[in-house]
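Below is one structure, written out as structure tokens; comments come after it.
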Amino acid sequence: MRLSAILFFGKRPHGFKYRGKNRVVKEIKPQELNLLKIDYERTEENMLYLRHPYLTVEQSHGHMKDFKMAQTKTFWDKINIPRNERFSQHVTLPERLIHLKVTNAWE
């Protein structure tokens, strides 16, 4: 009886111990504060770059032109696309299972 009285002394949280009325609150460690500070500094630096871009709107106009030309279809793509269309046709599930459909009427 004395052992159980000692063990049941005080409120302990039911279920998940970090939520609810009688939760256990974790102590914040200096390392966690340092990581949060670094994260905020990184976010602030990113926002600075977004507020003051490297190129102006006039300078950035057309800067992807050469990249888009490299993405145009090559000679082999023009040959292979019609060839692949003949062999890899899209087949739906009803088309696959049409042989199972004998009659529509119930007997």
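Going by the working numbering, the residue at position 21 of the sequence shown is 35; the numbering climbs one at a time, nothing skipped.
All residues carry an ideal CB built from backbone N, CA and C; glycine is no exception.
The model shown is predicted, which means the values in this text are computed figures rather than measured ones.
Subject >> Distance between beta carbons of Arg37 and Lys43, contact taken as under 8 Å >> reply: With 8 Å as the limit, Lys43 and Arg37 do not qualify as a contact, their Cβ atoms being about 18 Å apart.
Original post:
Where do the N-terminal and C-terminal ends of the alpha helix (DSSP H) with Val176 fall, by residue?
Top reply: Residue 176 is absent from the structure shown; the chain starts at 15 and stops at 121.
**OP:** Give the straight-line distance between the Cα atoms of Ile112 and Glu72, rounded to the nearest whole angstrom.
**Re:** 59 Å
Original post:
Any idea what DSSP makes of Ala19, helix, strand or coil?
Top reply: helix
**OP:** Grab the span of the alpha helix (DSSP H) containing Asn94 for me, first residue to last.
**Re:** Phe89 to Phe101
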